[in-house]
Every structure is written in C-alpha cells, then in structure tokens.
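Asks: Numbering of the sequence shown is given in full-length UniProt numbering, commencing with residue 1 and proceeding in unit increments. Dropping the structure in here first, questions after.
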Amino acid sequence: MEKVSLVRCEDYDYSLVKKAVDECFENLGGVEKYINPGDRVLLKLNLLMKKRPEEATTTHPVFTKALAKTLIEHGAEVVIGDSPGGPFNAGILKGVYKACGIEEIANEVGAKLNYNTNSVDIKNEDGLILKKITAIEVLKEVDKVISVSKLKTHGMMMFTGAVKNMFGIVAGLEKAEYHVRMKKNVDFSNALVDICLAANPILSFMDGIVGMEGAGPSGGKPRRIGAVIASTSPYHLDVVATSIIGIKPTKVPTIERCIERGLCSGSLEDIEIKGDDIESFIIKDFIVPEIRSLDLLEGKLPKFLRDIINGLMQPKPLFKHDKCVGCSDCAQSCPPKVIEMINNKPHVKLEGCIRCFCCQELCPVKAIDIHRPLFMKLLARL
Numbered sequence: 001m002e003k004v005s006l007v008r009c010e011d012y013d014y015s016l017v018k019k020a021v022d023e024c025f026e027n028l029g030g031v032e033k034y035i036n037p038g039d040r041v042l043l044k045l046n047l048l049m050k051k052r053p054e055e056a057t058t059t060h061p062v063f064t065k066a067l068a069k070t071l072i073e074h075g076a077e078v079v080i081g082d083s084p085g086g087p088f089n090a091g092i093l094k095g096v097y098k099a100c101g102i103e104e105i106a107n108e109v110g111a112k113l114n115y116n117t118n119s120v121d122i123k124n125e126d127g128l129i130l131k132k133i134t135a136i137e138v139l140k141e142v143d144k145v146i147s148v149s150k151l152k153t154h155g156m157m158m159f160t161g162a163v164k165n166m167f168g169i170v171a172g173l174e175k176a177e178y179h180v181r182m183k184k185n186v187d188f189s190n191a192l193v194d195i196c197l198a199a200n201p202i203l204s205f206m207d208g209i210v211g212m213e214g215a216g217p218s219g220g221k222p223r224r225i226g227a228v229i230a231s232t233s234p235y236h237l238d239v240v241a242t243s244i245i246g247i248k249p250t251k252v253p254t255i256e257r258c259i260e261r262g263l264c265s266g267s268l269e270d271i272e273i274k275g276d277d278i279e280s281f282i283i284k285d286f287i288v289p290e291i292r293s294l295d296l297l298e299g300k301l302p303k304f305l306r307d308i309i310n311g312l313m314q315p316k317p318l319f320k321h322d323k324c325v326g327c328s329d330c331a332q333s334c335p336p337k338v339i340e341m342i343n344n345k346p347h348v349k350l351e352g353c354i355r356c357f358c359c360q361e362l363c364p365v366k367a368i369d370i371h372r373p374l375f376m377k378l379l380a381r382l
C-alpha cells in the first residue's frame, strides 16, 4: 500500500512550512531514506510564467526554500528549475525566477538555479504514447528529481498536480508540438503519464497551502487549502489532492489513465495517509472547471452529426479585448498557430483550435476566458 503524507500548514510562515516539510519526510521514512550526502537533486517546480507568489500560479518560494533547506542540511546539492510555457532561454528563465520569488530564496539557502537551456532525448520504454521525450538537459546532470507541484485546477485536464507537473521537463516549445500531435484528451493525458514515468521523481511534494480554483492553471483565484502533501508516488498523491478539493479522482484524465495502466486504483482505500486526517481538509465548494471529451462519440455517429454536437459542447477561448494589452503571448504560444493579432488584438480561427487552452494558460493579464456552452455544462452534470 502506497503512503501519502498529509500535513496541515495554514500559511507561508517559513518556520511553519519548514516544520510541515520535515514532518512529511518523517512520515515517509526520513530524508536519509532518499537522499545521500553529495547527491545533486533537481527540485522541479511549477513555474508556469512570471507571476507573483500571492497569485497562486506557481510553487511558492517559501515552500521551495523550506524543501531546499532540508535537503541541503542533509548534504545535498540542490538545483531549482523548470521549463516555463513559451520559449526556453536564459532571459526567460531569469525573469521567471525573479518574478516568482525563486531567485531570492535560492540565494538565501545556497541552491543553484538552472540556466542550462539545452535539450536531450530520453528513451522511455514504459511509454504508451511517447517512446522518446525531448527533455531539458539538466535531468542528465542530477542524481535525483523531486517534483514540487502546485495544487490547481486546469482548463483542459481539470486538475494539475504531481503528474502533470512533470510536463515541465519537456524542453521549451516542444510542449506545443506535443499538444498538436496529441489533440485528443485521452492521448494527451496518456502522454503526461508517459512523461512522469520517464522523469521518475524519487519524491513528489505538493504546495497545497494556497491553491487555485476556477479558471486554472493561471486565470483562477487563490483558495486556502492548508495542506502540504508528499509521496513517493505522484499518482497516489494526485488521488489524495483531488479528493481534498472535492473532485472524484476517476473524473481526472491523468488519474483515469493511471488507473487503466495499473499505476494506482484511484481509491483512497488503497492509500495509507500518514499525518493529519484527510476529512479535516475536504472542501466541498471548490470551484472546478467542467471538461467533457467527445471521444466516446467517434465511430458511433456520422461525422456531420458529431460536428453539430461538437459545436454545441466544445469549450472555446473567449478573448476579452478590453483587458488585452496586445502582448501577443497567446498567438506565440498557440500550438496550431490559429491565433492572429489584428489591430493588436487576438482573433482565433476556431475550426483549427485544438482546445489545449495554452492561450488562456499563458495570458499574463487574465484576458482570456474559457467559454463553456450551456449544453456542455448540463451534460457534465450527468
């Protein structure tokens, strides 16, 4: 039975977070079980984009500081990194590290920031969709990887946690290529599981002190959860995290794929939760985006009828031109390149849209909503 550590921590006071992180390690057998003196350890954060810590889009710097400090105390050399959305270069990384508060805490504890923007191909024999992954080269420069995710909702995958966090090991704009290649929800979620298997994090920690509800992973609202979660299994960690915010784990595409592939059962009954009682964390009114796949209609209805239903059900990006600042980040990040800037405002060709919502995910001013038709909302409740 897999163990998941669940420890209450109500805010980002450093002493409280450090205590919670250390308690998680103890619940999982102690730091020494996983880290040897001299180990070079990558803390793979969620650094989606340049956002202030209080916006709850990225892994909080105090959470990162506490985890890095514990590892350094046990003789590890800590490297902090991620491949944010968009281009992957030193200038982008420096801006993200600084804006997210990571540069400051790295200096405080003596951790190194990754500026290696080279990529390397990794063979993935356990992959179902991806037998080879183009990943950030720093993976080959470290001994161990620890995933440090943020508990958030997600417009395409419903939830982004420990498994999806590892999508950030894919180098730069290669992520957009994966979106284009795997348009179907089931294929993309399988690819995310493949990537997590390839990264093989020795531990997964989740910053669930303040998460994000609503239009995640960047356009939602911060929501206090008060949880620090950790496990050797990112798959079981996600089952616990989704249960806390009121999502049935089997409704999350990545967890569905994990169940199908025998990586977890999706049930809390098969998890030993160490620490605090999960019942004391459960939030019943956490705002979660509705997603619905049309894959089940393929082969069962004529194409013209599927297209009609598709038009009624498919969510669409909705551009709020009054809030748009004309930065064109949405057009640059669009995998199928169907967003055009006209008079400094974005316009999308919906017939080519693959509903990955990278545009909404990477908009710096929350000027893009995901419009979900009423028919889709009603069907999602069935």
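Each residue gets a CB set at the ideal place from its N, CA and C atoms; glycine is no exception.
Go to Ser333, then tell me how far its alpha helix (DSSP H) extends in each direction, as first and last residue.
Replies: Here residue 333 is taken as the residue at index 333 of the sequence shown, counted from 1. Residues Asp329 to Ser333.
Asks: Taking C-alpha atoms, which residue in Val228, Met49, Arg223 and Lys65 lies nearest to Gly95?
Replies: Counted from its first residue, the sequence shown places residue 95 at position 95. That would be Met49, whose Cα lies nearest to the Cα of Gly95.
Asks: Evaluate contact between the segment 157-171 and the segment 199-211, counting only Cβ atoms and requiring at least three cross-stretch pairs below 8 Å.
Replies: As far as the Cβ criterion goes, the segment 157-171 touches the segment 199-211, which means the pair count is three or higher.
Asks: How is the beta strand (DSSP E) around Ser119 delimited, first residue to last?
Replies: One-based indexing of the sequence shown puts residue 119 at position 119. First-last of the beta strand (DSSP E) with Ser119: Ser119 to Lys123.
Asks: Find the nearest neighbour of Glu137 within the set Glu77, Arg181 and Asp121, judged by alpha-carbon distance.
Replies: As a first step, residue 137 must be located in the sequence shown, where it is residue number 137. Ranking the options by Cα distance to Glu137, first place goes to Asp121.
Asks: Give the secondary structure of Lys33 by DSSP, where H, G and I count as helix, E and B as strand, and everything else as coil.
Replies: In the sequence shown, counting from the first residue as 1, residue 33 sits at position 33. If DSSP states are grouped into helix, strand and coil, Lys33 belongs with the helices.
Asks: If you drop the 5 nearest sequence neighbours on each side, which residues of the same chain put their C-beta closer than 7 Å to that of Thr64?
Replies: For the purposes of this step, residue 64 is taken as residue 64 along the sequence shown, with counting starting at 1. Excluding residues within five positions, the ones whose Cβ falls inside 7 Å are Leu43, Leu45, Ile80, Ile102, Ile105 and Val148.
Asks: What separation, rounded to the nearest whole angstrom, lies between the Cα atoms of Glu269 and Ile35?
Replies: Locating residue 269 in the sequence shown gives position 269, counting from the first residue. Locating residue 35 in the sequence shown gives position 35, counting from the first residue. Distance between the alpha carbons of Glu269 and Ile35 is about 29 Å.
Asks: Which of the three DSSP states, helix, strand or coil, is assigned to His236?
Replies: Residue 236 sits at position 236 when you count from the first residue of the sequence shown. Three-state DSSP puts His236 in a helix.
Asks: Which residues mark the beginning and the end of the beta strand (DSSP E) in which Ala227 is found?
Replies: Within the sequence shown, the letter at position 227 stands for residue 227. Element bounds for Ala227: Lys221 to Ser231.
Asks: Roughly how many angstroms lie between the CA atoms of Lys98 and Ser218, to the nearest whole one?
Replies: What you label residue 98 is simply residue 98 of the sequence shown in a count that begins at 1. What you label residue 218 is simply residue 218 of the sequence shown in a count that begins at 1. If you take the alpha carbons of Lys98 and Ser218, they lie about 18 Å apart.
Asks: Starting from Thr160 and walking both ways along the beta strand (DSSP E), at which residues does that stretch end?
Replies: In the sequence shown, the residue the question calls residue 160 occupies position 160. Met158 to Thr160 is the span of the beta strand (DSSP E), which, as asked, contains Thr160.
Asks: If you draw a straight line from the alpha carbon of Phe286 to that of Gly246, how long is it in whole angstroms?
Replies: Reading the sequence shown from its first residue, position 286 is the one you call residue 286. Reading the sequence shown from its first residue, position 246 is the one you call residue 246. About 7 Å.
Asks: Please give the ranges of any beta strand (DSSP E) in the segment 242-281, keeping only runs that are unbroken, at least 3 residues long and fully inside the region.
Replies: The qualifying runs are 271-275.
Asks: Taking 8 Å as the cut-off, does the segment 176-188 touch the segment 328-347 (at least 3 CB pairs, one atom from each stretch)?
Replies: Short answer: they touch.
Asks: On the criterion of 16 or more Cβ atoms from any shown chain inside 10 Å, does Ile262 qualify as buried, or is it exposed?
Replies: Locating residue 262 in the sequence shown gives position 262, counting from the first residue. The sequence shown places Gly at residue 262, not Ile. Exposed, since its Cβ has fewer than 16 Cβ neighbours within 10 Å.
Asks: Given this structure, state the Cα-to-Cα distance separating Glu141 from Thr58, to the nearest angstrom.
Replies: Within the sequence shown, residue 141 is the residue found at index 141, counting from 1. Within the sequence shown, residue 58 is the residue found at index 58, counting from 1. For Glu141 and Thr58, the distance between alpha carbons rounds to 24 Å.
Asks: So which of Met158, Lys366, Leu151 and Met157 has the shortest CA-CA distance to Ala227?
Replies: Position 227 of the sequence shown, counted from the start, is the residue given in the question as residue 227. Ala227 has its Cα closest to that of Leu151, out of Met158, Lys366, Leu151 and Met157.
Asks: Quick check: the Cα distance between Arg52 and Phe159, rounded to an integer number of angstroms?
Replies: Mapped onto the sequence shown, residue 52 falls at position 52. Mapped onto the sequence shown, residue 159 falls at position 159. About 21 Å.
Asks: If you draw a straight line from the alpha carbon of Gly75 to that of Lys366, how long is it in whole angstroms?
Replies: Your numbering for residue 75 matches position 75 in the sequence shown. Your numbering for residue 366 matches position 366 in the sequence shown. Going from the Cα of Gly75 to the Cα of Lys366 covers about 42 Å.
Asks: Who are the Cβ neighbours of Val62 in its own chain at under 6 Å, not counting the five residues just before and after it?
Replies: On the sequence shown, position 62 is the one that residue 62 refers to. Tyr12, Tyr14 and Val17.
Asks: Can you check whether the CB of Pro315 is closer than 8 Å to the CB of Val348?
Replies: The residue labelled residue 348 in the question sits at position 348 within the sequence shown. The residue labelled residue 315 in the question sits at position 315 within the sequence shown. No, they are not a contact pair.
Asks: Would a C-beta distance cut-off of 8 Å place residue 383 and Asp143 closer than the cut-off?
Replies: No answer is possible for residue 383: it lies beyond the span of the chain, which begins at 1 and ends at 382.
Asks: Rounded to the nearest angstrom, what separates Thr153 and Ile209 at their Cα positions?
Replies: The sequence position of residue 153 within the sequence shown is 153, counting from 1. The sequence position of residue 209 within the sequence shown is 209, counting from 1. Each residue's Cα considered, the two are about 14 Å apart.
Asks: Using only the alpha-carbon positions, how far apart do Lys274 and Ser328 sit?
Replies: Residue mapping note: residue 274 aligns to position 274 of the sequence shown, counting from 1. Residue mapping note: residue 328 aligns to position 328 of the sequence shown, counting from 1. C-alpha separation (whole angstroms): 46 Å.
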